[in-house]
Amino acid sequence: MAVAWAVVAGLALAQGDAGQGGAGAIAARAEGPWTLLAVDDLARALGAPWSADGDHLTLRSDAGVLVLFAGSPDGWWQPVDARDATPVSSALPVARVDGRWYLPDDVLGVLGVRVDGGGVTLPDGRRRPLALERPPPVGGLAEVVALGPGVDALRLYAAGADAAHEVSLLAVDLGLLGLAFPEQQAALDAVLRELRSEKALFLVVTSLSEAAWQPAIYVVQDGRETLLSAPLTVQVLEGDPDRVAPGAPVAAVAFLPSDLDLRRPLTLRWAGVSGSLTLRR
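In the numbering used here, the protein residues as written are 171 to 451.
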């Protein structure tokens with residue numbers, strides 16, 4: 171089974187981008203360990219009508235009717251085969267931000283919806299990626315994003331020809347990528363065996379407009395700086411090795427030094443921008 175690099179790259183962007191979303195993605199907000207889902211995107215994915223009247227929201231799914239209230243963690247649930255509604259409660263209150271409603275993930279079980287691994291599993295088994303609406307990165311240059319449980323990625327923002335922070339690079343431990351995309355686990359393991367490398371970064375490059383990019387990245391640990399560049403230590407898997415454009419991300423792999431400690435902080439420097447993270451914990 172070959173790895174669907176374009177699919178993996180697209181899902182990584184949908185989960186990691188700051189509110190950029192993607193086809194079928196469900197907008198969400200992170201609040202500590204909890205996730206709140208945008209009710210309009212969720213209802214669209216479920217094919218369920220919903221309505222809001224003042225502080226009162228009603229969502230009618232195939233499983234039943236859910237009634238919730240803005241600013242309150244409590245609501246009512248009436249299954250399709252029940253005559254009466256029963257109370258439901260969440261750890262967080264229902265949120266309404268700029269006119270948009272968000273439902274806490276721990277109240278969605280009554281709908282048959284499960285949030286895990288950076289995505290949403292619908293009652294019929296379909297998966298939808300989450301598009302987390304994050305605040306702009308501190309300094310506008312770098313941020314750490316979660317692609318799944320125990321899988322963090324570093325995103326670096328660089329200037330393009332038209333604007334600052336126009337081009338971005340997302341880097342994640344290739345060895346952990348299967349945890350974020352379990353349906354690709356076997357194929358990703360085969361890739362690691364084929365590459366004969368246990369230490370590699372999966373890179374995704376994207377841009378708000380067509381721009382040039384260089385397949386070169388510096389890795390720094392304990393004061394030692396190593397340049398990884400094409401064609402020897404960076405290999406482009408999908409996309410153009412010289413240009414990137416909206417809707418056409420570039421996927422690549424960068425081979426890390428064999429003596430690099432993945433459980434200690436390291437710094438990545440690309441296009442004049444740097445950021446730090448710990449790949450494995």
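Think of the CB as a built atom: it goes at the ideal place given N, C-alpha and C, for glycine as much as any other residue.
Sequence-distant residues of the same chain with beta carbon closer than 6 Å to residue i, five excluded per side
i: W415; result: Note on identity: in this sequence residue 415 is Ala, with Trp being the wrong assignment. So the qualifying residues of the chain are E380.
i: P293; result: G282
i: A441; result: A328
i: L378; result: E336
i: A333; result: Residue confidence is low: A333 scores 47 on pLDDT, short of 50, so the model does not pin down where it sits. No coordinate-derived value is stated.
i: A400; result: P385
Beta-carbon separation (whole angstroms), residue i vs residue j, contact threshold 8 Å
i: L207; j: L273; result: 5 Å
i: A312; j: R325; result: 7 Å
i: V342; j: W383; result: Their Cβ separation, rounded to whole angstroms, is 18 Å, which puts V342 and W383 out of contact at 8 Å.
i: L436; j: S446; result: 7 Å
i: A328; j: V443; result: 5 Å
i: L430; j: Q391; result: 6 Å
Beta-bridge partners of residue i, as assigned by DSSP
i: A271; result: For the record, residue 271 in the displayed sequence is Trp; it is not Ala. BP columns for W271 point to R266.
i: V342; result: A323, F372
i: W204; result: E201
i: R284; result: T291
i: G318; result: V321
i: L227; result: A222, L238
i: D244; result: S259
i: F425; result: A370
i: P411; result: DSSP lists no partner for P411.
i: V390; result: E395, T437
i: P419; result: Paired residue(s): none; P419 is not in a bridge.
i: G445; result: L438
i: R298; result: V290
i: S377; result: V337
C-beta atoms of residue i and residue j nearer than 9 Å
i: L457; j: A386; result: Since the first residue of the chain shown is 171 and the last is 451, residue 457 is not available in this structure.
i: R298; j: G217; result: no
i: L358; j: A421; result: no
i: V389; j: L340; result: no
i: G241; j: A215; result: no
i: G318; j: A360; result: no
i: V209; j: L229; result: yes
i: V321; j: L281; result: no
i: E353; j: L362; result: no
i: V277; j: S260; result: yes
i: D275; j: W220; result: no
i: I196; j: V314; result: no
Environment of residue i [buried if 16+ CB atoms lie within 10 Å]
i: R296; result: exposed
i: G417; result: exposed
i: P166; result: No answer is possible for residue 166: the residues shown for the chain start at 171 and end at 451.
i: S231; result: buried
i: A301; result: buried
i: A252; result: exposed
i: V267; result: exposed
i: G348; result: buried
i: L344; result: buried
i: L402; result: exposed
i: G269; result: exposed
i: P305; result: The predicted position of P305 is uncertain, since its pLDDT is 49 and thus under 50; a value taken from the coordinates is nonetheless stated next. Exposed: under 16 other Cβ atoms inside 10 Å.
i: R451; result: exposed
Neighbourhood of residue i by C-beta, 7 Å cutoff - its chain only, sequence neighbours within 5 removed
i: E395; result: Y388
i: V522; result: The structure shown does not extend to residue 522, since the chain is modelled only from 171 to 451, so the question has no answer here.
i: T376; result: L183, S338, V414, P419
i: S428; result: K369
Cutoff 8 Å; reference residue i; Cβ partners in own chain excluding five residues on either side
i: F239; result: D225, H226, L227, G245, V264
i: A255; result: V235, V237, W246, W247, Q248
i: V404; result: L373, P385, A386, I387, L398, A422, V423, A424, F425
i: R413; result: E380, A381, A382, W383
i: P307; result: Note that P307 scores a pLDDT of 46, beneath 50, so its modelled location is shaky; the value from the coordinates is reported in the next line. The residues are A188, E313, R325, Y327.
Any non-hydrogen atom of the ligand NAP closer than 8 Å to residue i Cβ
i: L426; result: Although the ligand NAP was asked about, the structure shown includes no ligands whatsoever.
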